[in-house]
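Structure record follows, encoded as structure tokens.
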Amino acid sequence: KRGPLHTARVLLSADSFANLLTRFRYLRLVAAQDRAILDRVATLEAELTLRNRELQESLAELHRLRDEKSSEVSNLERVEGQREQALTRYRAQVAETESRLAVLTETENRLSGLIGDIEEDRVREEGAAPVTSGGGGAEGGGGAGGRPAGAPTAGTLQWPVDGSLIYRFGRQRQPNGTVLRWNGIGIQASEGTPVHAVLPGSVSLAGPFEGYGPMVVLSHGDGLYSLYLYLRDIFVVQGRYVDEGEVLGTVGGGETPEGPHLEFQMRGPVAGSSPQALDPLEWLRPPGNP
1314 KRGPLHTARV LLSADSFANL LTRFRYLRLV AAQDRAILDR VATLEAELTL RNRELQESLA
1374 ELHRLRDEKS SEVSNLERVE GQREQALTRY RAQVAETESR LAVLTETENR LSGLIGDIEE
1434 DRVREEGAAP VTSGGGGAEG GGGAGGRPAG APTAGTLQWP VDGSLIYRFG RQRQPNGTVL
1494 RWNGIGIQAS EGTPVHAVLP GSVSLAGPFE GYGPMVVLSH GDGLYSLYLY LRDIFVVQGR
1554 YVDEGEVLGT VGGGETPEGP HLEFQMRGPV AGSSPQALDP LEWLRPPGNP
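Okay, so the sequence shown: first residue is 1314 according to the numbering used here, each after it adds one.
What follows is the structure, given as structure tokens:
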């Protein structure tokens, strides 16, 4: 601690041999103690270096975990946001479908009432036997067993328009889980595509109808009717007789959720009831058959 000559000065300043030996032993003890202190300091420095490295590693790990947790929180918040958006969209779709279902039900009830009135007028004018008034509402009828006498054979009618089937007669579950009931079939076709009469008959109605837009209703006798809904143009007038295959109008429906299409319905008495909705696919030729 006092320089390299300190030891020599201490030894040379001894005034006797015994004092020299005493100083030598003292210096050895001091040197040993210094070495022990130095070793301890070195050990402590090594430990401090190790602890510092471990601390830095732990700190880096904490930062990494913090970043991971922060990323997880961000992901969870993003997923939760997406879930909320999806739930909002789903609720909106359900509300829209329920609203449309209510409108369709109300529209079908009015249409069934109108067909019932037309049939009553027909029966009165022709002096035919009246039919009972049971069950002509929006739920409709169904099978081939209800075809009036003289009705065409099942599966023989030409399609009113060429196109693909986008919905069928009856109840159909929508992607959001709600159920809509169709009283006809939806045939997808471009707007302006000609729509043809599937049977000869008289035009009972040709004009706008709230909920279905422009439409044509043909009476084929014995309580059998064909309905052509969501038209864009109408080429016939009420009271006129049309032949099978005659053009009644053109496809519309561009403002509907399904896009441009024709809804085609068949209605007739089922087990003596007033005209009810029947499955049109039981009347039309299978797709692809000439």
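Virtual Cβ for every residue (Gly too), placed ideally from N, Cα, C.
Next item on the list: State the start and end residues of the unbroken alpha helix (DSSP H) segment that holds Val1640.
Entry: The chain is shown only over 1314 to 1603; residue 1640 falls outside these bounds and no answer can be derived.
Notebook entry, point to check: Going by the CB atoms, is the gap between Ala1502 and Val1474 shorter than 7 Å?
Noted result: Contact: yes.
Note to self: Whole angstroms are fine: how far does the CA of Met1579 sit from the CA of Thr1420?
What the structure shows: Cα to Cα, the separation comes out at about 16 Å.
Check: What are the boundary residues of the alpha helix (DSSP H) that includes Leu1340?
Finding: From DSSP, the alpha helix (DSSP H) with Leu1340 extends over 1330–1439.
Next item on the list: Have a look at Pro1465, Leu1478, Gly1468 and flag the residue whose alpha-carbon is nearest the alpha-carbon of Pro1573.
Entry: The option with the nearest alpha carbon to Pro1573 is Leu1478.
Next item on the list: Name the residue from Pro1507, Pro1600, Glu1595 whose alpha carbon lies nearest to the alpha carbon of Gly1565.
Entry: Across the set Pro1507, Pro1600, Glu1595, the C-alpha of Pro1507 shows the shortest separation from the C-alpha of Gly1565.
Checklist line | Cβ separation of Leu1544 and Thr1563, assumed to be a contact under 8 Å, to the nearest whole Å | finding: With 8 Å as the limit, Leu1544 and Thr1563 qualify as a contact, their Cβ atoms being about 6 Å apart.
Next item on the list: Return the Cβ separation of Leu1594 and Phe1482 in integer angstroms, given the expectation that the two are a contact with Cβ distance under 8 Å.
Entry: With a Cβ gap of about 7 Å, Leu1594 and Phe1482 count as contacting.
Notebook entry, point to check: For the segment 1472–1529, which segments carrying the beta strand (DSSP E) assignment without a break, of at least 3 residues, lie completely within its bounds, in sequence order?
Noted result: Unbroken beta strand (DSSP E) stretches of 3 residues or longer found wholly inside the segment 1472–1529: 1477–1480, 1483–1486, 1492–1495, 1498–1501, 1507–1509, 1514–1522, given in chain order.
Check: Three-state secondary structure (DSSP) at Leu1594?
Finding: When secondary structure is reduced to three states using DSSP, Leu1594 falls in the helix class.
Checklist line | Beta-carbon contacts of Val1516 that lie in its chain and below 7 Å, excluding the five residues immediately before and after | finding: These residues qualify, in order along the chain: Val1529, Leu1531, Val1549, Val1550, Gln1551, Gly1552, Arg1553, Val1555.
Next item on the list: Kindly indicate if chain B contains any beta-carbon less than 7 Å away from that of Val1354.
Entry: Absent here is chain B; the protein component of the structure consists of one chain.
Next item on the list: Look at the Cβ atom of Gly1499, then the Cβ atom of Glu1576, and state whether they are nearer than 7 Å.
Entry: In this structure, Gly1499 places its C-beta atom within 7 Å of the C-beta atom of Glu1576.
Note to self: Is the beta carbon of Asn1496 closer than 7 Å to that of Ala1590?
What the structure shows: Taking 7 Å as the Cβ cut-off, Ala1590 and Asn1496 qualify as a contacting pair.
Notebook entry, point to check: Grouping DSSP H, G and I as helix and E and B as strand, with all else coil, what is Gln1551?
Noted result: Three-state result, Gln1551: coil.
Next item on the list: List the residues that DSSP assigns as beta-bridge partners of Gly1581.
Entry: Answer is Gln1589, bridged to Gly1581.
Check: Does DSSP put Asp1535 in a helix, in a strand, or in coil?
Finding: The DSSP-derived three-state label of Asp1535 is coil.
Notebook entry, point to check: Between Leu1424 and Leu1493, which are expected to be in contact by the criterion C-beta below 8 Å, what is the C-beta distance as a whole number of angstroms?
Noted result: A Cβ-Cβ separation of about 16 Å leaves Leu1424 out of contact with Leu1493 under the 8 Å criterion.
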